[in-house]
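Chains A, B and C, in that order, give the protein sequences.
Per my numbering, the first sequence starts with residue 30, numbered consecutively.
Per my numbering, the second sequence starts with residue 18, numbered consecutively.
Per my numbering, the third sequence starts with residue 5, numbered consecutively.
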Amino acid sequence: MKAVVLDGIVLGLQFGLLGVGMTLVYGLGGVLNLAYGQMAVLAAMVVAVTLGAGAPALVASGAGLLAAAAAGVVLDRTLMRPVYRQRGEHRVLLGLLLTLGVAFVIDGLLLWRYPSGALRLAIGGEAVPILGVRMRVGSLWATGISLAVAALLLGFRATTPGRAAHSVIQDEVGARLVGINPAAVRTFIFAASGALAALVAQTRSMTSPVGVTAGFDFTILALIVAVVGGLGSVAGAFLAGVLLGIVSTVSAFYIGQYITTIVLLAAAALTIVLRPRGLLGRSP
Amino acid sequence: MTAEPDAAVDADAAPLGVSARPPRSLARAYWPIVATGAVLALVPLWLGDSRLMMGLAIDALVFGAYAVAFNVIFGSTNQLFLCVGALAGVGGYGSVILADRAGLPMVVAMLLATAVATALGGLLSWVAVRRSLDVIFTGIVTLAFSLSFANLLLGQRELTGGETGLVVSAGPDTFLGERVAAYYLFLGMLVAFLVVFRALQRSHVGWAFRALRDNELAAELAGVDVARYRVYAGLVGSAMLGITGAVFAHSDGFISPSTFEFGHVDVRVLVMLAFGGLGTLLGPVLGTVVFAVLDEVLIDFGQFRTVLYGLLIIALFLGFKRGAVPAVADLVRRLLARRSRSS
Amino acid sequence: MLEVAGLAAGYLGENVVEGVDVEVGAGQAVAIIGSNGAGKTTLFRALCGLLPVSAGRVRFDGRDVTGQPTHRLARAGLAYVPAERHLFPGMSVRENLLLGAYPKRPQAATEQLVFDLFPRLQERRGQPAGSLSGGEQQMLAVGRALMSRPRLLMLDEPSTGLAPKLARSAYQALQSLKQTGVTLLVAEQQVPLALSLADRGYVLENGRIRLQGAAAELERNPEVRRAYLGVA
Numbered sequence: 030m031k032a033v034v035l036d037g038i039v040l041g042l043q044f045g046l047l048g049v050g051m052t053l054v055y056g057l058g059g060v061l062n063l064a065y066g067q068m069a070v071l072a073a074m075v076v077a078v079t080l081g082a083g084a085p086a087l088v089a090s091g092a093g094l095l096a097a098a099a100a101g102v103v104l105d106r107t108l109m110r111p112v113y114r115q116r117g118e119h120r121v122l123l124g125l126l127l128t129l130g131v132a133f134v135i136d137g138l139l140l141w142r143y144p145s146g147a148l149r150l151a152i153g154g155e156a157v158p159i160l161g162v163r164m165r166v167g168s169l170w171a172t173g174i175s176l177a178v179a180a181l182l183l184g185f186r187a188t189t190p191g192r193a194a195h196s197v198i199q200d201e202v203g204a205r206l207v208g209i210n211p212a213a214v215r216t217f218i219f220a221a222s223g224a225l226a227a228l229v230a231q232t233r234s235m236t237s238p239v240g241v242t243a244g245f246d247f248t249i250l251a252l253i254v255a256v257v258g259g260l261g262s263v264a265g266a267f268l269a270g271v272l273l274g275i276v277s278t279v280s281a282f283y284i285g286q287y288i289t290t291i292v293l294l295a296a297a298a299l300t301i302v303l304r305p306r307g308l309l310g311r312s313p
Numbered sequence: 018m019t020a021e022p023d024a025a026v027d028a029d030a031a032p033l034g035v036s037a038r039p040p041r042s043l044a045r046a047y048w049p050i051v052a053t054g055a056v057l058a059l060v061p062l063w064l065g066d067s068r069l070m071m072g073l074a075i076d077a078l079v080f081g082a083y084a085v086a087f088n089v090i091f092g093s094t095n096q097l098f099l100c101v102g103a104l105a106g107v108g109g110y111g112s113v114i115l116a117d118r119a120g121l122p123m124v125v126a127m128l129l130a131t132a133v134a135t136a137l138g139g140l141l142s143w144v145a146v147r148r149s150l151d152v153i154f155t156g157i158v159t160l161a162f163s164l165s166f167a168n169l170l171l172g173q174r175e176l177t178g179g180e181t182g183l184v185v186s187a188g189p190d191t192f193l194g195e196r197v198a199a200y201y202l203f204l205g206m207l208v209a210f211l212v213v214f215r216a217l218q219r220s221h222v223g224w225a226f227r228a229l230r231d232n233e234l235a236a237e238l239a240g241v242d243v244a245r246y247r248v249y250a251g252l253v254g255s256a257m258l259g260i261t262g263a264v265f266a267h268s269d270g271f272i273s274p275s276t277f278e279f280g281h282v283d284v285r286v287l288v289m290l291a292f293g294g295l296g297t298l299l300g301p302v303l304g305t306v307v308f309a310v311l312d313e314v315l316i317d318f319g320q321f322r323t324v325l326y327g328l329l330i331i332a333l334f335l336g337f338k339r340g341a342v343p344a345v346a347d348l349v350r351r352l353l354a355r356r357s358r359s360s
Numbered sequence: 005m006l007e008v009a010g011l012a013a014g015y016l017g018e019n020v021v022e023g024v025d026v027e028v029g030a031g032q033a034v035a036i037i038g039s040n041g042a043g044k045t046t047l048f049r050a051l052c053g054l055l056p057v058s059a060g061r062v063r064f065d066g067r068d069v070t071g072q073p074t075h076r077l078a079r080a081g082l083a084y085v086p087a088e089r090h091l092f093p094g095m096s097v098r099e100n101l102l103l104g105a106y107p108k109r110p111q112a113a114t115e116q117l118v119f120d121l122f123p124r125l126q127e128r129r130g131q132p133a134g135s136l137s138g139g140e141q142q143m144l145a146v147g148r149a150l151m152s153r154p155r156l157l158m159l160d161e162p163s164t165g166l167a168p169k170l171a172r173s174a175y176q177a178l179q180s181l182k183q184t185g186v187t188l189l190v191a192e193q194q195v196p197l198a199l200s201l202a203d204r205g206y207v208l209e210n211g212r213i214r215l216q217g218a219a220a221e222l223e224r225n226p227e228v229r230r231a232y233l234g235v236a
């Protein structure tokens, strides 16, 4: 049981990071980026191809992060412009539909180019015992990276750019009044969300391969974590991520994979129905 | 939605118009449906020999039916049900399991499965209404339902055949299995659904739907029981989906999770309506015809087809708020009105 | 410092204000008075880039800033405090103030100035802005605007939602501000308060400027007295 829970935490931290990207874009722009998972897979393929070309690991990794971040910037500056011009429900709907279209485009292109592509980051080494459980080196690396990035994110919140970004979530007009350009912040966050997705794709691939078809799975997962944590809340996404990670591994171990997916989906649905603001979201 | 400035939208605009009032006279209201039915009835004369082509034609009719149902739910009352495929799947899988496994007579199985689909759809509507879920949350909840259903199908392998699907024994040996007969049955269903849609539009229910969609708060204040009408739309639309799924299953002879999954059904319905017009009468028909043709043309493109669908979704929803055809029809109407005014 | 010529703006294609000419000289306090619906908020929103301008020009410090986005104007030294305040409810009083100085680094001296002006804010500096009372939120909104050391401070109905005593003390604070050299442009329904602060004033009625002049003149004007001061 302990092993399962620890695995759950490892997974959960990555869930959290994934959710943060999704929740930030929603909090700032009012857009649910349904192409989010595809950004992750795009990064994974870039890393795989770069590694295959013989580049050192860090370069390949950076290339992946850059690719996804660039995709975010392009998406924000082009297709999202007409979306941001809309208000409220129209914005959410249009954003949803356009990003869905983008998801198909990226999915199709990647599948067309790399029909059986997958990223596997094998990290060698003996399993290390943690709290009496033998953890794979890949898991440890994934955890370490996740924790470091989590710390960075939470630390960022206290910096001026971080506060500026947060203020746009709190009250966009207020942000404009103090001289913050919400459009610039949104572009930055979109790029950052791409980088986060790319990161998670890489950490996940340290324990199991990330295939070229994994896009929608990532998107749905990110959506679930963001919703349960509270749309727009970074801390909420982390908390939800870890909790759902543990639920996920426990359920998969004792019951089965398909039921686990249903449990996660149900968690999101129940959150919306019973407590729409999620774990740490702002009360409406 | 922008308000129409002048008499550019008149009652006859109905089949292709957006947010327009349906025509008052019975003949005007229903002739488009009759005409459509007549035209589509001719298809087997042309394609009847090819089992493959008839299969595609049936597919087109089925998706047309799905789209009409989606129009009732989303086009009319703005409930984003991202579970069109799943509700049809409840009808399809439910009916097949009841008929083949539980041994119920096929028609009974179909009706029961449809009832379950209807109840589920109504429940989703009811929950959304009770908890005042906005469009996006309704969308997520229904998407969660859709994906859960797909996973249920995959997981319960003994009952559902899992990924490999089920070969249906009840049905294909009857007239349902004959392509041409089945085609006419589905055509009849599509026409019936269109009639229901049109009848709803012209009734007080339709008036309430329009009021609700244009301005929900005003509708509430005017005494429109938003909750009741939303659930109503959910029930009707889900019933349509359920019965279509059930009949299709017994007609086609084979169902699998991919027959009813989000990526296969919901996305295609969205694209069809993006083209043909959300909330319009003939939008589903136009959309399904165009996409049946498009799908066939693109079949050799493999994965590139997905890319093209994606680009289409983007182009259509960027360019036209509620549908390409209504926007173009609107433009044409405005041009004609201007010309008749100046002459 | 601020010159507005022939400004028109509105919603959904219809102009709410038209042909507005306003001038605010450096160091002055100017009031725009008018009743509800006269168009004061629309005018201010248009000046600040929160609403598109359909006609006319706005010049700030000699430069044409018509239609520029709000954040650009804020960085140029034009701070606006709307009636709805638009504070950051989940962030503390202090964080709200610190953001007020964006993108420049907040100066301790300025923060102290704000706290001197509004001691209550200092008491509550760690509390989330959303938990403050109406009057305190108003103070915070003004304080936040001050953190950027603006050259022109625009306030839309600063007396909104404040009990008379609080409204008066708010205007006293604005008076102290004026003495430090900040130029003020205030839209106000409560005319006595506005005229007590202003050097000059404009009367806005149905979207057009009806009267203008020195504050004392306006106060003596019989039409103003009848319409806004309740004197027969």
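Ideal Cβ placement from N, Cα and C applies to all residues, glycine included.
Remember, it's a predicted structure, so these values are computed and weren't measured experimentally.
| task | Kindly list, in the order they appear in chain B, the residues whose Cβ is closer than 9 Å to that of A:V102. | result | Counting from one through the first sequence, the residue named residue 102 of chain A turns up at place 73. Simply none; closest approach about 17 Å.
| Between C:K44 and C:A191, is the Cβ-Cβ spacing less than 7 Å? | Position 40 of the third sequence, counting from 1, holds the residue named residue 44 of chain C. Position 187 of the third sequence, counting from 1, holds the residue named residue 191 of chain C. Contact flag set, yes.
| query | Could you give the residue range of the alpha helix (DSSP H) that holds B:F318? | reply | The residue you call residue 318 of chain B lines up with position 301 of the second sequence. First-last for B:F318: undefined, no H or E at that position.
| Across which residues does DSSP place C:M158 in a beta bridge pair? | Here residue 158 of chain C corresponds to residue number 154 of the third sequence, with the count starting at 1. Answer by DSSP bridge pairing, in chain order: C:Y84 and C:L189.
| task | Answer with yes or no whether the minimum CB distance from B:R148 to chain A is below 7 Å. | result | Counting from one through the second sequence, the residue named residue 148 of chain B turns up at place 131. Output row for B:R148: interface = yes.
| said: Output needed in chain order: residues of the segment 279–292 of chain A with a Cβ under 7 Å from some Cβ in chain B. | reply: G285, Y287, I288, T290 and I291
| field | Beta carbon of B:L211 nearer than 7 Å to that of B:I50 | value | Taking the first residue of the second sequence as position 1, residue 211 of chain B is located at position 194. Taking the first residue of the second sequence as position 1, residue 50 of chain B is located at position 33. For B:L211 and B:I50, yes; Cβs fall inside 7 Å.
| When you check each C-beta in the segment 109–132 of chain C against every C-beta of chain A, which residues fall closer than 7 Å? | none
| task | Could you pull out every unbroken beta strand (DSSP E) segment of at least 3 residues lying fully inside the segment 322–350 of chain B, listed in chain order? | result | none
| request: Using a cut-off of 7 Å between C-beta atoms, extract the partners of C:R148 located in chain A. | output: Counting from 1 along the third sequence, the entry for residue 148 of chain C is found at position 144. Ordered by position in chain A, the residues that pass the 7 Å Cβ test against C:R148 are V207.
| request: Figure out for me which residue from A:L123, A:G41 and A:L139 has the closest Cα to the Cα of A:G265. | output: By 1-based counting over the first sequence, the position of residue 265 of chain A is 236. For the residues A:L123, A:G41 and A:L139, the minimum Cα distance to A:G265 belongs to A:G41.
| message | Is the beta carbon of C:G104 closer than 7 Å to that of C:M158? | response | Within the third sequence, the letter at position 154 stands for residue 158 of chain C. Within the third sequence, the letter at position 100 stands for residue 104 of chain C. In this structure, C:G104 does not lie closer than 7 Å to C:M158 by Cβ.
| request: Can you pull the chain C residues whose beta carbon is under 8 Å from the beta carbon of A:T264, in chain order? | output: The count along the first sequence starts at 1 and reaches residue 264 of chain A at position 235. A quick correction: the sequence has Ala, not Thr, at residue 264 of chain A. Simply none; closest approach about 12 Å.
| request: Within 10 angstroms of the Cβ of B:E313, are there 16 or more other Cβ atoms? Answer buried if so, exposed if not. | output: Here residue 313 of chain B refers to the residue found at position 296 when the second sequence is read from its first residue. Looking at its Cβ environment, which holds fewer than 16 other Cβ atoms inside 10 Å, B:E313 is exposed.
| message | Quick check: is the beta carbon of A:E201 nearer than 7 Å to any beta carbon in chain B? | response | Taking the first sequence and counting its residues from 1, one reaches residue 201 of chain A at position 172. Not an interface residue.
| query | Buried or exposed: B:A263, going by 16 or more other Cβ atoms within 10 Å of its Cβ? | reply | The residue given as residue 263 of chain B occupies position 246 in the second sequence. The residue is buried, with at least 16 neighbouring Cβ atoms inside 10 Å.
| said: List, in chain order, every chain A residue whose beta-carbon is nearer than 8 Å to that of B:V144. | reply: The residue labelled residue 144 of chain B in the question sits at position 127 within the second sequence. Ordered by position in chain A, the residues that pass the 8 Å Cβ test against B:V144 are V302.
| said: By alpha-carbon positions, which one of B:L328, B:T323, B:V310 and B:L204 ends up nearest to B:Y83? | reply: Stepping through the second sequence from its first residue, residue 83 of chain B is reached at position 66. The residue with the shortest Cα to Cα distance from B:Y83 is B:L204.
| Just checking my contact of C:G60 with C:A9 at CB under 8 Å: how many whole Å lie between their CB atoms? | Your numbering for residue 60 of chain C matches position 56 in the third sequence. Your numbering for residue 9 of chain C matches position 5 in the third sequence. Right, their Cβ atoms sit about 6 Å apart.
| message | Taking 6 Å as the limit between beta carbons, can you name the residues of its chain near B:L160, skipping five residues before and five after? | response | Sequence index remark: in the second sequence, residue 160 of chain B carries index 143 (1-based). Excluding residues within five positions, the ones whose Cβ falls inside 6 Å are L99.
| field | chain C residues whose Cβ lies nearer than 9 Å to that of A:A193 | value | Stepping through the first sequence from its first residue, residue 193 of chain A is reached at position 164. The answer, in chain order, is L103, Y106 and P107.
| message | Quick check: is the beta carbon of C:Y15 nearer than 7 Å to any beta carbon in chain A? | response | Position 11 of the third sequence, counted from the start, is the residue given in the question as residue 15 of chain C. It does not: the Cβ of C:Y15 has no partner Cβ on chain A nearer than 7 Å.
| Counting contacts by CB-CB distance shorter than 7 Å, is B:F87 in contact with chain A? | Here residue 87 of chain B is taken as the residue at index 70 of the second sequence, counted from 1. No, because no Cβ of chain A sits closer than 7 Å to the Cβ of B:F87.
| said: Under DSSP, the alpha helix (DSSP H) around A:P211 begins and ends at which residues? | reply: For the purposes of this step, residue 211 of chain A is identified with residue 182 of the first sequence, where counting begins at 1. A:P211 -> alpha helix (DSSP H) spans P211 to R233.
| In the segment 260–298 of chain B, which residue ranges form an unbroken alpha helix (DSSP H) of at least 4 residues, counting only runs that do not cross its ends? | 283–293
| field | Residues that A:V157 bridges to, as DSSP identifies them | value | Locating residue 157 of chain A in the first sequence gives position 128, where the first residue counts as 1. BP columns for A:V157 point to A:M164.
| CA-CA distance, B:G340 and A:I249? | Here residue 340 of chain B refers to the residue found at position 323 when the second sequence is read from its first residue. Here residue 249 of chain A refers to the residue found at position 220 when the first sequence is read from its first residue. Between B:G340 and A:I249, the C-alpha separation is close to 27 Å.
| query | For the putative contact between C:V24 and C:L6, defined by C-beta atoms under 8 Å, what is the C-beta separation to the nearest angstrom? | reply | Numbered from 1 along the third sequence, position 20 holds the residue referred to as residue 24 of chain C. Numbered from 1 along the third sequence, position 2 holds the residue referred to as residue 6 of chain C. So it is not a contact: roughly 12 Å between Cβ atoms.
| field | Proximal chain A residues relative to C:Y175, where beta-carbon distance stays under 8 Å | value | Taking the first residue of the third sequence as 1, we reach residue 175 of chain C at position 171. Here the premise fails: no neighbours, minimum Cβ distance about 21 Å.
| At what residues does the beta strand (DSSP E) containing C:S58 begin and finish? | Taking the first residue of the third sequence as position 1, residue 58 of chain C is located at position 54. Start and end: V57 to F64.
| said: Within a Cβ cutoff of 8 Å, which residues of the same chain sit near C:P226, ignoring the five residues on either side of it in sequence? | reply: By one-based count along the third sequence, residue 226 of chain C stands at place 222. Result list for C:P226: empty, nothing under 8 Å.
| task | Kindly indicate if chain A contains any beta-carbon less than 7 Å away from that of C:T74. | result | For this step, residue 74 of chain C is matched to residue 70 along the third sequence. Yes, contact with chain A.
| said: Give me, in chain order, the residues of the same chain whose beta-carbon lies closer than 7 Å to that of B:S275; leave out the 5 immediate sequence neighbours on both sides. | reply: Taking the first residue of the second sequence as position 1, residue 275 of chain B is located at position 258. H281.
| message | Let's test the definition: count the other Cβ atoms within 10 Å of the Cβ of B:G34 and tell me whether it reaches 16, buried, or not, exposed. | response | Start at 1 with the first residue of the second sequence, and residue 34 of chain B comes out as number 17. Confidence at B:G34 is low in this model, with a pLDDT of 39, below 50, so the placement of that residue should be treated as unreliable; the coordinate-derived value is given next. Looking at its Cβ environment, which holds 16 or more other Cβ atoms inside 10 Å, B:G34 is buried.
| said: Using only the alpha-carbon positions, how far apart do A:L127 and B:V158 sit? | reply: Here the question's residue 127 of chain A lines up with position 98 in the first sequence. Here the question's residue 158 of chain B lines up with position 141 in the second sequence. Taking the straight line joining both Cα atoms gives about 20 Å.
| said: Please report whether the beta-carbon of C:A78 lies at a distance below 7 Å from any beta-carbon of chain A. | reply: As a first step, residue 78 of chain C is located in the third sequence; it is residue number 74 there, counting from the start. Yes - at least one Cβ of chain A is within 7 Å of the one on C:A78.
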